[in-house]
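Notes follow once the structure below has been shown.
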Amino acid sequence: MMKKKGFKDQSNIRKGPWSAEEDEVLIDFINKNGPRDWSSIQSKGLLPRTGKSCRLRWVNKLRPNLKVGCKFSAEEERIVVELQARLGNKWATIASHLTGRTDNDVKNFWSSRKKRLARTLNSSLQPNKKCLYQDQSKQKSTVPTPQLPSSNLE
DNA sequence: AACCCGTCCAACCGCTAGTAA
DNA sequence: CTTACTAGCGGTTGGACGGGT
5 MMKKKGFKDQ
15 SNIRKGPWSA
25 EEDEVLIDFI
35 NKNGPRDWSS
45 IQSKGLLPRT
55 GKSCRLRWVN
65 KLRPNLKVGC
75 KFSAEEERIV
85 VELQARLGNK
95 WATIASHLTG
105 RTDNDVKNFW
115 SSRKKRLART
125 LNSSLQPNKK
135 CLYQDQSKQK
145 STVPTPQLPS
155 SNLE
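Using this note's numbering, the first residue of the first sequence is number 5, and each one after it goes up by one.
As structure tokens, this is what we get:
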């Protein structure tokens, strides 16, 4: 049956976590074709995933030289803070200044950092609520709490 | 031991800009 | 010029996990 142009069949699209087999297929495709033509991965029936999903998987997890499972260093944090102040939430641009980090990494890092700082700020505004700075002392991060650029706390 | 709560992270969604038809 | 489609980006969500009570 002819499908109207623009109509995309979403019936066979898989979502959710990627399996090792899917990763393998994707890596194989990229080895042969390079990281492009994402949509043809789906249209050729290689994987029941959207091009968008494939691209994301590659960029965030499969790309070589990614720093996996490793926290942001103090230096990395410094760079992110500085660039965010200068450029705003341009995560992809900021990530390009850090080796082995993706925009998703930076984004995730920033939002948890933001929450952390908000909490710290909150508890210092309400000192009668339990121990002041208690949260800070519990931080796993070895990074010293950076100065708080209030304008960036959004 | 069981529950609660915060953190982290993978992956989704919606939007936009660029471009091919 | 308009339309359709893709790639890429930023925001958001939900589940897994770990530490505290």
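All C-beta atoms, glycine included, are put in the ideal place defined by N, C-alpha and C.
Just the C-alpha distance for residue i and residue j, rounded to the nearest angstrom, thanks.
i, j, result
"L50", "F33", "9 Å"
"D107", "V85", "14 Å"
"A24", "K65", "12 Å"
"N69", "G104", "6 Å"
"K48", "T124", "51 Å"
"L121", "P21", "31 Å"
"K119", "K75", "17 Å"
"K94", "S77", "20 Å"
On the CB-based measure, 16 or more other CB atoms within 10 Å of its CB, does residue i come out buried or exposed?
i, result
"V110", "buried"
"R53", "buried"
"L30", "buried"
"R117", "buried"
"R61", "buried"
"C58", "buried"
"L87", "buried"
"E80", "buried"
Pick helix, strand or coil for residue i, following the three-state DSSP scheme.
i, result
"T54", "coil"
"D41", "coil"
"I17", "coil"
"K48", "coil"
Using a Cβ-Cβ cutoff of less than 7 Å, which residues in the same chain neighbour residue i once the five nearest sequence positions on both sides are dropped?
i, result
"R18", "P52 and R53"
"Q46", "R53, T54 and G55"
"I98", "V84, L87, Q88, L91 and V110"
"P39", "W62"
As an exercise, report each continuous alpha helix (DSSP H) stretch of at least 4 residues that is fully enclosed by the stretch 61 to 125, in chain order.
78 to 91 and 95 to 99
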